[in-house]
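FYI, in our numbering the residues of the sequence shown are 613 to 768.
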Amino acid sequence: MTKLEILDKTKKKKIIENLNENYGVENMHHLFIRSGNDKIRIYSGGLSWEELNNFGKSLRVELIGASLGKIEEDNLRVNFDILNLPEIKSQINKNIVEISDSEVLEWLKGKSLEINTEIITKNDLVVVKNNQDLLGVAKNRKAYIQNYVPKERRIK
């Protein structure tokens, strides 16, 4: 069974600071939940903190909330699906790499793209964008961006 930890205000503030530094996200009015392997989930439903703690003792954590992302090397890598949540999408304004229409297909196939991001940002994680669409988060390797689109979301 996965351990459930509802984060207190201090830990939540640290994650929001990380979201702000990496993506420009400043406000989130959710409960933050840490599950196994440093995975962070968000919850905005009608259950109380105590009820969630009780569920955490008897249910798998994956049933509660939406996956925000995973902490890797002290940075939160935002989940592919959560990027387009309106509350988050409207705030993302940092470390964005814009790709062309011709690069979108390669990106969605799971290919890494040769883009020199050194001029754009020194940040380790970048948001990949085409027009108004957020297409995922990538690892910034300076000479290219490493694709993190989940295999089940890739096109063939």
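The beta-carbon is built from N, C-alpha and C at its ideal position, and this holds for glycine as well.
These figures come from a predicted structure and were not determined experimentally.
- The closest CA to that of isoleucine 767, considering only Lys721, Asn752, Ile694, is found on Lys721.
- Secondary structure in the stretch 615-657: the beta strand (DSSP E) runs of 3 residues or longer, each lying completely within the stretch, are 643-647, 651-655 in chain order.
- In this structure, valine 738 lies away from asparagine 696, with their beta-carbon atoms at least 8 Å apart.
- Of all alpha-carbon atoms in Ala755, Tyr760, Arg753, Lys754, the one lying nearest the alpha-carbon of leucine 746 is that of Tyr760.
- By the neighbour-count criterion, in which a residue is buried when 16 or more other Cβ atoms sit within 10 angstroms of its Cβ, leucine 680 is buried.
- Here the alpha carbon of isoleucine 727 sits roughly 43 Å from the alpha carbon of leucine 664.
- By the Cβ test, the stretch 615-627 is in contact with the stretch 648-666, since at least three Cβ pairs between them sit closer than 8 Å.
- By the beta-carbon neighbour count (other beta carbons within 10 angstroms, threshold 16), leucine 688 is buried.
- By the C-beta density criterion, asparagine 634 is buried, having at least 16 other C-beta atoms within 10 angstroms.
- The beta carbon of asparagine 705 sits closer than 6 Å to those of Gly636, all from its chain and outside the five residues before and after it, given in chain order.
- For lysine 701, the enclosing alpha helix (DSSP H) covers residues 698-701.
- Residue nearest to glutamate 699 within the set Leu631, Lys626, Lys625, Lys623 is Leu631 (criterion: CA-CA distance).
- Among the bridge pairs identified by DSSP, asparagine 666 is matched with none.
- The residue among Glu685, Asp736, Lys682, Lys741 with its C-alpha nearest the C-alpha of glutamate 710 is Lys741.
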